[in-house]
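Trainee: Protein chains in written order, with this note's numbering: chain B, -13 to 299; chain U, 7 to 306. No residue lacks a Cβ here, since even glycine has one placed at the ideal position from N, Cα and C. Attaching a single structure in structure tokens format; questions to follow.
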Amino acid sequence: MKTKGIPKFVIYLLLIIFTSVPLFFSIPVPGQPVDASADAFKALMNLKEGDEVLLASDWTGSTRGESMANMKSILRILMRKRAKVAIWSTADPQAPRVAQDVMAEVAKEHVEVDKQPAYKRWDDWIIAGYYPNADVAINAVAKDIRNAFSTRKETNPEGKLKSIFESPVMKNIKTVSDFDLIIDVTASKTSDFHVQFLSAQKVPLLFAVTGVMVPETQVFYNSGQCVGFLGGLKGVFDLEQMMENGLNIKGADGKVLTGNSKVTDEIPGFKGMSNKGSGTKYYPTLHFALLLMIVLIIIGNVEMFKAKKGAQK
Amino acid sequence: MKPSDFSIWSLDPTKGTVFYHVIFAIVIGFAIFFALMNAPTQVRRPLTWFLTLLSGGVFVVAAYWPKPINFDAKTQKPLNAIESGSVFLADTNNVVGSFTQILAAFMLGLGIFSLLRIHLGKIAKKKTDWGFSIVLLVSMVSMITFGYWDYTTRQANKLVDYDVQSNWKLENMGRDFLFDKLLQQMDAAMFSIIAFFILSAAYRAFRARSVEATILLGTALIVILSLMGIVSAYWDGAVTSLAGDSANKDLILNFKITEISNWLRNTFQTPAITGIRFGIGLGTLSMAIRIWLGLEKGGK
């Protein structure tokens, strides 16, 4: 039953209005974290000072609305926890540069806005670079990380190029199991390869994926192959809310602002620090876009039933 | 004596003998390369198949061969032939893995060569839209130039923090403009166009034409609504207050939108995706075995 319906340009125009206008206003949106986000927050907050984290940054500008926001929030927590972070990429040659830019931005905010001690390259974080062929590279890291990263170098504080294994970040790493947490901020299949090759290494895996990847990542979460994951913009929003309000922490009025029924631990956040970012900013926009989608679906169906009725007459 | 002494893949680079091994490997490599180039097709095919079998075999054998457990405490030698095999395979696995990285790097060079050949030819012959070819080549050359210039500057002055904008030079500004301000923005703009197609497609295709389509539509709407914090907060709040302290409290609480959405995800979505992935896995495995054994396209 073919109907004429709303012209495409009207739909496009409506989408532009619905997604841009809310950006000019600060719209508070309620929302409780889903189980996967709460577990991800718990895993991040369980890190102690000096814990080593392998962070795969497998995203570029195309998914920055979700991936960059995820990456920034995760880095904020890692910096505040003073974790040692090794960043590497396998999905796209652009990824290390993008990760480095985000790291520079968050490190600057960490010092200038949050008034925290500097988070320094070499001492606190290193970049192990890009490896083509994600599956082979992740497999190599799983089997022998010292061999896989053997040629990678970073500059030490004296200005000399040294093996990354001489840095405080990697000096204790003999196998991939020595990491306290492995994180993959990804917009591609690298999360599959992480599960395939690293889930047997007894290291907790945590993913930050795009919205369209949520269903497939949910499978790994339900099976316990990853400790938690942040799914799309909702995941970023959840994390930012938990960073601001803590998880299951009661406010002055005795009410829990951000709570979860599965993860019942009381985990304080970082009240007063720069917690809210793109997730909180874009979440209302997502609401409007989804609302528009629902309305259009309803209109489409009403049109179809009307056309059907007309044809029957 | 270290375990590496028993494997040709991890020779001690400080020893002079490694130099002869490298020379020998290069000579053998070139000999194979030229032999393959000059060999007739009927010889080249089985040779290619044999190399595929050999390379794939390393990963297959490494997966099933017993893992090395320990070495003789005194001599640090593998305890037996199986242990020696394990050490050899572990080293081989890394080297063969590196081969694929090197091949991928070659593909980058091949891609640049191919782009230059096609677009320079197009410009020389002034074919249709040759102007776009100029734009492409200029973009590629400027990105490579500024990217590499920026990299060498950063490498040469290690004590300067080039992540701080006040330290930037022309090359850093050029790299930032081309990569962050142009490429990344265009990348994001291209990807965001999908939103327009999704919305248009949802309006035109998401219709309750049949029972199956209606079920799909209903479940999709529930999941979409559960993603909206405003909706889930008020819906769940209403259900909770409705449940109150009634005898059917537990039953009523199941009608929270987040509960319904979780139920849909965990009961239908996850098993369905697991099933699909299992099928894909079997398909990939059978295809891999076919390629490995040279059964695809008559590789023998």
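(1) Going along the chain, which residues of its own chain have a beta-carbon closer than 6 Å to the beta-carbon of U:Leu259, five neighbours each way excluded?
(2) Alpha carbons only, please: which of B:Leu219, B:Asn234, B:Gln298 and B:Met229 is nearest the one belonging to B:Leu276?
(3) Just mark U:Phe56 as buried or exposed, buried being the case when its beta carbon has 16 or more other beta carbons within 10 Å.
(4) Counting Cβ pairs, one atom from each stretch, are 3 or more of them under 8 Å apart for the stretch 20 to 32 of chain B and the stretch 281 to 296 of chain B?
(5) With 16 as the cutoff for other CB atoms within 10 Å, does U:Pro46 come out buried or exposed?
(6) Is U:Pro277 helix, strand or coil when you go by DSSP?
(7) Taking 8 Å as the threshold, find out whether the stretch 83 to 93 of chain B comes into contact with the stretch 122 to 132 of chain B through three or more Cβ pairs.
(8) Closer than 7 Å by beta-carbon distance: list the chain B residues that pair up with U:Asp256, in chain order.
(9) Counting only runs that start and end within the stretch 214 to 260 of chain B, where is the beta strand (DSSP E) found for 3 or more residues in a row?
(10) Using beta-carbon positions only, say whether B:Lys171 and B:Ser48 come within less than 7 Å of one another.
(11) Nearest-angstrom Cα distance between B:Met156 and B:Arg50?
(12) B:Glu140 lies in the beta strand (DSSP E); which residues open and close that run?
(13) Per DSSP, B:Asp78 forms a beta bridge with which residues?
(14) Please list the terminal residues of the continuous alpha helix (DSSP H) segment that includes B:Ala24.
(15) Between the stretch 202 to 223 of chain B and chain U, which residues of the former have a C-beta closer than 7 Å to a C-beta of the latter?
(16) Do the stretch 2 to 10 of chain B and the stretch 223 to 235 of chain B meet, that is, are 3 or more Cβ pairs less than 8 Å apart?
(17) I need the straight-line Cα distance from B:Thr266 to B:Leu64, nearest angstrom please.
(18) Looking at the unbroken beta strand (DSSP E) that takes in B:Val39, where does it start and where does it end?
(19) Can you give, in chain order, each stretch of the alpha helix (DSSP H) that sits fully within the stretch 114 to 191 of chain B and has at least 4 residues?
(20) List the residues that DSSP assigns as beta-bridge partners of U:Pro46.
(21) Report the partner residues of B:Ile73 according to the DSSP bridge assignment.
(22) Going by the CB atoms, is the gap between B:Thr176 and B:Asp44 shorter than 7 Å?
(23) Can you have a look at B:Thr196 and say buried or exposed, based on whether 16 or more other CB atoms are within 10 angstroms of its CB?
(24) Determine whether the Cβ of U:Met234 lies closer than 7 Å to any Cβ atom of chain B.
(25) Quick check: B:Ile283 and U:Ala207, are their CB atoms within less than 7 Å of each other?
(26) Helix, strand or coil: how does DSSP classify B:Arg107 here?
(27) Check whether the Cβ atoms of B:Pro16 and U:Ala239 lie closer than 7 Å to each other.
(28) Is DSSP giving B:Phe193 helix, strand or coil here?
(29) Locate the alpha helix (DSSP H) running through B:Pro8, then write down its first and last residues.
(30) Enumerate in chain order the residues of its own chain whose CB-to-CB distance from B:Thr223 is below 7 Å, with the five nearest sequence positions on each side excluded.
(31) By the 10 Å Cβ neighbour count, where 16 or more other Cβ atoms means buried, how is U:Phe274 classified, buried or exposed?
(32) Examine chain U for any beta-carbon lying closer than 7 Å to the beta-carbon of B:Pro103, and answer yes or no.
(33) Identify, in the order they occur along the chain, each residue of the same chain with its Cβ nearer than 8 Å to the Cβ of B:Met(-13), setting aside the five sequence neighbours on each side.
(34) Using Cβ-Cβ distances below 9 Å, what residues of the stretch 23 to 56 of chain B are close to chain U?
(35) Using a Cβ-Cβ distance cut-off of 7 Å, determine whether U:Gln171 contacts chain B.
(36) Roughly how many angstroms separate the alpha carbons of U:Phe40 and U:Val49, rounded to a whole number?
Mentor: Here's the rundown:
(1) On the second sequence, position 253 is the one that residue 259 of chain U refers to. Cβ neighbours of U:Leu259 beyond the five flanking positions: Ala249.
(2) The residue labelled residue 276 of chain B in the question sits at position 290 within the first sequence. The shortest C-alpha separation from B:Leu276 is found at B:Leu219.
(3) Translated into the one-based positions of the second sequence, residue 56 of chain U becomes position 50. With fewer than 16 other Cβ atoms within 10 Å, it is exposed.
(4) no
(5) Numbered from its first residue, the second sequence carries residue 46 of chain U at position 40. The residue in question, U:Pro46, is exposed, as its Cβ has fewer than 16 Cβ neighbours within 10 Å.
(6) By one-based count along the second sequence, residue 277 of chain U stands at place 271. Helix.
(7) no
(8) Within the second sequence, numbered from 1, the residue matching residue 256 of chain U stands at position 250. In chain order: nothing, as chain B lies at least about 13 Å away.
(9) 214 to 217
(10) Taking the first residue of the first sequence as position 1, residue 171 of chain B is located at position 185. Taking the first residue of the first sequence as position 1, residue 48 of chain B is located at position 62. Residue identity check: residue 171 of chain B is Val in the sequence provided, not Lys. No, Cβ-Cβ distance for B:Val171 and B:Ser48 is not below 7 Å.
(11) The residue given as residue 156 of chain B occupies position 170 in the first sequence. The residue given as residue 50 of chain B occupies position 64 in the first sequence. Approximately 28 Å between the Cα atoms of the pair.
(12) Along the first sequence, read from residue 1 onward, the residue named residue 140 of chain B stands at position 154. It spans Lys139 to Thr141 - the beta strand (DSSP E) in which B:Glu140 sits, taken as one unbroken run.
(13) What you label residue 78 of chain B is simply residue 92 of the first sequence in a count that begins at 1. According to DSSP, which records beta bridges pairwise, B:Asp78 is partnered with nothing at all.
(14) Walking along the first sequence from the start, residue 24 of chain B turns up at place 38. From DSSP, the alpha helix (DSSP H) with B:Ala24 extends over Asp21 to Met31.
(15) Glu202, Gln204, Val205, Asn208 and Lys220
(16) no
(17) Residue 266 of chain B sits at position 280 when you count from the first residue of the first sequence. Residue 64 of chain B sits at position 78 when you count from the first residue of the first sequence. B:Thr266 and B:Leu64: Cα-Cα distance of roughly 20 Å.
(18) Locating residue 39 of chain B in the first sequence gives position 53, counting from the first residue. Residues Glu38 to Asp44.
(19) 120 to 129, 131 to 134 and 176 to 184
(20) Position 40 of the second sequence, counted from the start, is the residue given in the question as residue 46 of chain U. DSSP lists no partner for U:Pro46.
(21) By one-based count along the first sequence, residue 73 of chain B stands at place 87. According to DSSP, B:Ile73 bridges with B:Leu41 and B:Ile113.
(22) In the first sequence, the residue the question calls residue 44 of chain B occupies position 58. In the first sequence, the residue the question calls residue 176 of chain B occupies position 190. The answer is yes: Cβ separation under 7 Å.
(23) As a working mapping, residue 196 of chain B is identified with position 210 in the first sequence. Classification for B:Thr196: buried.
(24) Numbered from 1 along the second sequence, position 228 holds the residue referred to as residue 234 of chain U. Closer than 7 Å to some Cβ of chain B, the Cβ of U:Met234 qualifies, so yes.
(25) For this step, residue 283 of chain B is matched to residue 297 along the first sequence. For this step, residue 207 of chain U is matched to residue 201 along the second sequence. Cβ distance not < 7 Å, so B:Ile283 and U:Ala207 don't count as in contact.
(26) To locate residue 107 of chain B, count along the first sequence from 1; it is residue 121. Strand.
(27) Counting from one through the first sequence, the residue named residue 16 of chain B turns up at place 30. Counting from one through the second sequence, the residue named residue 239 of chain U turns up at place 233. Closer than 7 Å, so yes.
(28) Position 207 of the first sequence holds residue 193 of chain B. Correct three-state label for B:Phe193: strand.
(29) By one-based count along the first sequence, residue 8 of chain B stands at place 22. From DSSP, B:Pro8 is part of no alpha helix (DSSP H); its letter is neither H nor E.
(30) Translated into the one-based positions of the first sequence, residue 223 of chain B becomes position 237. It is worth fixing the name first, because residue 223 of chain B is Phe in this sequence and not Thr. Taken in chain order, the residues that qualify are Gly17, Gly265, Thr266 and Tyr269.
(31) Within the second sequence, the letter at position 268 stands for residue 274 of chain U. Per the 10 Å Cβ criterion, exposed.
(32) Residue numbering aside, residue 103 of chain B sits at position 117 when the first sequence is read from its first letter. No - not a single Cβ of chain U is within 7 Å of the one on B:Pro103.
(33) Here residue -13 of chain B refers to the residue found at position 1 when the first sequence is read from its first residue. Annotation note: pLDDT 47 at B:Met(-13) (below 50); position unreliable, no value reported.
(34) Thr46, Gly47, Ser48, Thr49, Arg50 and Gly51
(35) Here residue 171 of chain U refers to the residue found at position 165 of the second sequence. For U:Gln171, the answer is no, since every Cβ of chain B falls outside 7 Å of its Cβ.
(36) For the purposes of this step, residue 40 of chain U is taken as residue 34 along the second sequence, with counting starting at 1. For the purposes of this step, residue 49 of chain U is taken as residue 43 along the second sequence, with counting starting at 1. Rounded to the nearest angstrom, the two C-alpha atoms are 13 Å apart.
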